[in-house]
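Q: What follows is a single structure, and I will ask about it in a moment.
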Amino acid sequence: MTDTLDSQPAPSTTAAAGGRTAADVVTPELVARLTAGVAGSGTTACHTPFTGQKLADLPEATPEDVEQAFQRARRAQRDWERVPVRRRAAVLLRFHDLVLERQREVLDLIQLETGKARLHAHEEIQAVSIAARHYGRKAPAYLRPRRHQGAVPLLTHVRELRHPRGVVAQIAPWNYPLELSVGDALPAFVAGNAVVMKPDTETALTAMWARRLLIEAGLPEDVWQIVLGDGPVVGPEVVDRGDYVSFTGSTATGRAVAQRAAARLVGCSLELGGKNAMIVLDDADPDKAAAGAVRGCFSSAGQLCISIERLYVHEAVADAFLERFVARTKAMRLGSALAYGADMGSLVSQAQLDNVTRHVAEAVEKGATVLAGGRPRPDLGPLFHEPTILEGVSAPMAVCTEETFGPVVSVYRFSGEDEAVALANATPYGLNSSVWSTSSRRAQAVAARLRTGTVNINEGYAAAYGSVRAPMGGMGDSGLGRRHGSEGILKYTEAQTVAHQRLLPMAPSLGMDDKGYADFMTRSLKALKALGFR
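Using the working numbering, read the sequence shown as starting at 140 and increasing by one per residue.
And the structure:
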């Protein structure tokens, strides 16, 4: 493989002398504060991918601990749902301010637990703050009673009410431990639910930090329960007790979660895997598209469900685009300092590094070319891997169709829009996509043909994800349901229709017999259509 690689490794950044370490951040006092109220009669641990060292010992839950957590949550939820929605929303707005004020604390934790660069950790601050502000402002409107036209105008008055589902079971992943834990829980809380959450153990400190901050903002402590433990052991215990299930993770596990929820006739929302495509049309600006591709492919070392793994470039601009994209990728700085400056950090686990290494090695063995990167970087840390661009990828290479979930992108050339759309849609996944063009009208037309839940024009993923008034989620094997917007909060509620019949019943009356009533209703229905009633 070495003969296809650039001889110079990607540049690196190192911590400045006297820079903060894991021991400076994760103190015994911090761990005691964050684990207060977290159920668990056993002990587990979390580690930092930067060095592999243990960060903290944490409580590990047994099935009995999970049951007790649900009991506490159910008791607390009954009081919480009686709190007026505007007061619940005010908790989110206070939380918004606290997150921004205390962001340095959690940026350190996110970096230490995930290995990501600080700027990518800050994306989580942005996403959570936007969600807290949005639902803090809009929840009263989303949840307010709504009037609907009744069966018989003037005689039937109808209101739609929204009730919390009860206790939401949430399984949160490791890759975005702030945004995909509390970010998804905020609409559930403001809708009047309690939450029992199982975050990934390796990134649990971040979720527990968010819990303590939300309690400080006014959330009753028992309304948010956290349980930790091995996923196959604790996860089903959580799923099997929830009144609704929120899951973010792999497609394979998502199918199992959906089956367990369906067996109990419980609703669920699932954000699953992706093999996301970026299309660079022949009128795209090569410089802007190359800069956007770096962001779209390598943010959080590619460990993002909506990051780009397939890059389709029109043959007319492919050379100009690749020259810029390869140069920008080779210039990326890798580092582990708890400070801004690195362009990319580490992978999170040995399993992720093994998958990335396997995909790259197999592709090169079968004829692909490495245009940039391609190497693990043990000199920087045990789990670092360079951002990698591959060309000449084709089936049956695993990187062609399998989700890599790492800093690897495959580049393909195309000659026409129909070909590009067909290639982008040739996957069972349908989470996110990206289109680059200087013509808004042309890009919008291509976007409408892509079978993905979100499409970004002249951006990789952040524009759609950050627009929280609009729904975000996947099609096909990328999941069910949506986060954000009205769908992101109403999924945590049960709709109830209350119809009040006045003056006359929905039955023969005023001396009418059955036939007379049927004739009267027939004339009425025709009249209502003629008058334009809906």
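Glycine included, each C-beta is placed from N, C-alpha and C at the ideal position.
(1) Along the chain, where does the alpha helix (DSSP H) containing Ser268 start, and where does it finish?
(2) Could you check the C-alpha separation between Pro148 and Arg467 for me, to the nearest Å?
(3) Can you find the residues in the same chain that come closer than 6 Å, C-beta to C-beta, to Ile264, ignoring five residues on each side of it along the sequence?
(4) Checking 7 Å against the spacing of the C-beta atoms, do Leu714 and Val165 come in under that value?
(5) Classify Lys414: buried if its beta carbon has 16 or more other beta carbons within 10 angstroms, exposed otherwise.
(6) Is it a yes or a no for the stretch 568-580 touching the stretch 605-621, going by three-plus beta-carbon pairs under 8 Å?
(7) Do the stretch 293-300 and the stretch 347-367 meet, that is, are 3 or more Cβ pairs less than 8 Å apart?
(8) So what does DSSP say about Ser554, is it helix, strand or coil?
(9) Could you check what DSSP says for Ser446 in three-state terms: helix, strand or coil?
(10) Any contact of the stretch 518-537 with the stretch 473-493, i.e. 3+ C-beta pairs under 8 Å?
(11) Run through the DSSP bridge pairs and tell me what Tyr451 is partnered with.
(12) Taking Cβ positions, are Arg434 and Gly599 nearer each other than 7 Å?
(13) Along the alpha helix (DSSP H) that carries Asp653, what are the first and last residues, could you check?
(14) Look at the alpha carbon of Ala537 and the alpha carbon of Ala563, and state the distance between them as a whole number of angstroms.
(15) Note down the Cα distance separating Ile679 from Val585, rounded to an integer number of angstroms.
(16) Is the beta carbon of Val362 less than 7 Å from the beta carbon of Ala200?
(17) Could you give the first and the last residue of the continuous beta strand (DSSP E) run that contains Pro138?
(18) Would you call Glu454 buried or exposed, if buried means 16 or more other Cβ atoms sit within 10 Å of its Cβ?
(19) Using 7 Å as the threshold, is the C-beta distance between Tyr479 and Arg233 below it?
(20) What does the Cβ neighbour count give for Leu450, buried or exposed, with the cut at 16 atoms within 10 Å?
(21) What residues match up with Gln309 in a beta bridge as DSSP calls it?
(22) Out of curiosity, what's the CA-to-CA distance linking Ile365 and Gln309?
(23) If you draw a straight line from the C-alpha of Glu626 to the C-alpha of Arg283, how long is it?
(24) Going by DSSP, what residues sit across from Ile365 in a beta bridge?
(25) Give the secondary structure of Ala476 by DSSP, where H, G and I count as helix, E and B as strand, and everything else as coil.
(26) Shorter than 6 Å, the distance from the beta carbon of Gly513 to the closest heavy atom of the ligand ATP, or not?
(27) How far does the alpha helix (DSSP H) with Arg211 in it extend, from its first residue to its last?
(28) Could I get the ranges of all uninterrupted beta strand (DSSP E) runs contained in the stretch 460-546, with 3 residues as the minimum, in chain order?
(29) Can you check whether the CB of Ser549 is closer than 7 Å to the CB of Ser529?
(30) Are at least three pairs of beta-carbons, each pair with one atom in the stretch 585-596 and one in the stretch 373-385, less than 8 Å apart?
(31) Is Leu411 closer than 7 Å to Gly393 when the C-beta atoms are compared?
(32) List in chain order: all unbroken beta strand (DSSP E) runs of 3+ residues lying wholly within the stretch 564-606.
(33) Let me confirm a value: Ala490 is counted as buried when at least 16 other C-beta atoms fall within 10 Å, else exposed. Which label applies?
(34) Closest to His186 by C-alpha separation, out of Ala178, Gly176, Gly179, Leu197, would be which residue?
(35) With H, G and I counted as helix, E and B as strand and the rest as coil, what does DSSP make of Leu619?
(36) Can you give me the Cβ contacts of Glu376 inside the same chain, cut-off strictly under 7 Å, excluding the 5 residues immediately before and after it?
A: On the basis of the data shown:
(1) 257-282
(2) 14 Å
(3) Gln242
(4) There is no way to answer for residue 714, as the model of the chain reaches only from 140 to 673.
(5) buried
(6) yes
(7) no
(8) coil
(9) coil
(10) yes
(11) Ile418, Tyr551
(12) yes
(13) 653-669
(14) 17 Å
(15) A question about residue 679 goes unanswered here, because the residues of the chain that appear run from 140 up to 673.
(16) no
(17) The displayed coordinates of the chain run from 140 to 673. Any statement about residue 138 would go beyond what the structure contains.
(18) exposed
(19) no
(20) buried
(21) Met336, Ser385
(22) 9 Å
(23) 14 Å
(24) Met336
(25) coil
(26) This structure does not include the ligand ATP; it has no bound ligands of any sort.
(27) 202-219
(28) 508-511, 527-530
(29) Before going on, a small fix: residue 529 reads as Leu here, not Ser. Result yes, Cβ atoms of Leu529 and Ser549 sit closer than 7 Å.
(30) no
(31) yes
(32) 571-575, 593-596
(33) exposed
(34) Leu197
(35) strand
(36) Pro202, Val205
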